[in-house]
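Reviewing the structure listed below.
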Amino acid sequence: MNFVIVLLALLGSVWLLAVVEGWTTTGRLRPAAPLLSGLAHLGRESIVPRTPDRVFFETAPVLLLIVAVLGAAVLPLAPTLVIADLATGALFINAALAYVLVALIMAGWGPNGAYAMIGGWRFLGQLIAYAMLIVMPITAVAMRAESLVTTVIVGSQDGLWNIVYQPLGFVLFFIAAMALAFRAPFDLPTAPGELGGGVDAEYTGVRLGVLRLARLTLVITLASATTVFYLGGWHGPLLPPWAWSLIKTLAVAVSMLLAGRYLPRIREADLMRWCWTLGIPLALLNIIVVGLLVLVVP
Amino acid sequence: MSILEQYGLLLALVLGIAATVLALFGIARAMGPTRREPGKDVPASSGVLSRDPVWGRYHARYYGYALLFLAFDMEMAFMYPWAVVYREVGLVALYDMGVFLAILFLGLLYGWSQGALRRQ
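Now the structure itself:
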């Protein structure tokens, strides 16, 4: 039962995000647009480029969708509303999201096209930049919760959310999550206007449809992770728990979208330099500060 | 739910998504075939095949970061179990990991001073 509810909530959030994204780019609020464009993708030709690596080319969109949903499967919407409440939840989501890199390298390598390949390799550099900023803030979250179980992590934020307890960790995680979901200022692997679509370039028709669905799902998964780790998950007055989870998740997803609309795309070299010379020292500082807070404050 | 059931559920999720995508591919195929026309399958590069092979050697100009990344990634494997028992063990845990982190951080500073933190 949980299974169905969580998946439907995920699909619904993806649909809402797609509607908002269309609203910000075209200026018109059209609730049916994502469904119609999904149907249109089904009807279009899905061309396979000549001399592809067929296995990689076909696997990449499916793999991206699978890892995005697997990540969402360990994140709770309410105290009991979670697909798998694993003892290693916070670690599992890291493991699942590591495959985003694999999927994008596959999508870059598979079609044997120059722009796609450059997009794929670029994302490898992007991973080296953001990866530490995903795992280090989550460590600090686990230190406070004394557990890797996601429901316990949300429970530990009763009264004081982690965004107040460790604001530095939140900022780092939020930026890294945007880089992981390759949202606009960090959309190096797709880079519209510069790489001709990058890893998206060779996908058409139904395959492109799956790829776009996977990408939106990934954004929702990361927004949901931000909610669970930093924004107190289901905690909130008046409304039922699941409603708070969904509202916060959508708010984070939309704020990621808006941040991307007002910032220029960052270069790979700059991203790595800032992440390693500024981000990682700050993440280590965050761990030490949280470590002292955990011991001092009962 | 037992741990095996949970992982079983996750496996079912993986298979279910794969099956859904296959069904979508089937629907798309049923709606009409892809017409074969010359030049249509050339990868996006202004309509001509690229001059150089794409699957060639790529200069990973971030190799300095990549080596440091390996060290930090290994460190994170130790950090997760440490984080769970941190409050229980107390100040000793902070000292122990503090020394470990300080050594790693010195490594980062050394790499920085030697110019590892730039695109080569």
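If you read the protein sequences in the order shown, they are chains X and D. Residue numbers for the first sequence follow my numbering, so the first one is 1 and each next one is one higher. Residue numbers for the second sequence follow my numbering, so the first one is 299 and each next one is one higher. Note that beta-carbon positions come from the ideal geometry of N, C-alpha and C, so glycine has one too. Every value quoted in this text rests on a predicted model; they were computed, and no experiment measured them.
- By the neighbour-count definition (other C-beta atoms within 10 Å, threshold 16), H41 of chain X is a buried residue.
- Distance from the Cα of L307 of chain D is smallest, within the candidate group X:S13, X:V4, X:L11, X:L10, for X:V4.
- By the C-beta density criterion, Y356 of chain D is exposed, having fewer than 16 other C-beta atoms within 10 angstroms.
- For A68 of chain X, the uninterrupted alpha helix (DSSP H) segment begins and ends at 54–73.
- Residue-level contact by beta carbon holds for M377 of chain D and chain X, with a gap shorter than 8 Å.
- Listed in chain order, the positions of the stretch 309–326 of chain D with a beta carbon within less than 7 Å of a beta carbon of chain X are L311, V312, I315, A316, V319, L322, F323, I325, A326.
- The beta carbon of F173 of chain X sits closer than 6 Å to the beta carbons of P137 from its chain, once the five residues preceding and following it are set aside; these are given in chain order.
- For L81 of chain X, DSSP records a beta bridge to X:A78.
- Looking at X:T26, X:L160, X:A90, the one whose alpha-carbon comes closest to that of A375 of chain D is X:A90.
- Under the Cβ criterion (8 Å, minimum of three pairs), the stretch 212–226 of chain X counts as touching the stretch 56–75 of chain X.
- The stretch 113–168 of chain X is shown to contain whole alpha helix (DSSP H) runs of 4 or more residues at 114–145, 150–155, 162–165, in chain order.
- As for any alpha helix (DSSP H) of minimum length 4 sitting wholly inside the stretch 188–251 of chain X, the runs are 205–230, ordered along the chain.
- Between P52 of chain X and G120 of chain X, the beta carbon gap of about 13 Å keeps them out of contact (Cβ cut-off 8 Å).
- Under the DSSP assignment, M372 of chain D falls in the alpha helix (DSSP H) whose first and last residues are 361–387.
- Residue environment analysis places E335 of chain D among the exposed positions, since fewer than 16 neighbouring C-beta atoms fall within 10 angstroms of its C-beta.
- Between I287 of chain X and T150 of chain X, the gap from beta carbon to beta carbon reaches 8 Å or more.
- Cβ proximity to chain D below 7 Å picks out M143, E146, S147, L148 from the stretch 143–174 of chain X.
- Scanning chain D for C-beta atoms nearer than 8 Å to the C-beta of P49 of chain X yields D339, V340, P341, reported in chain order.
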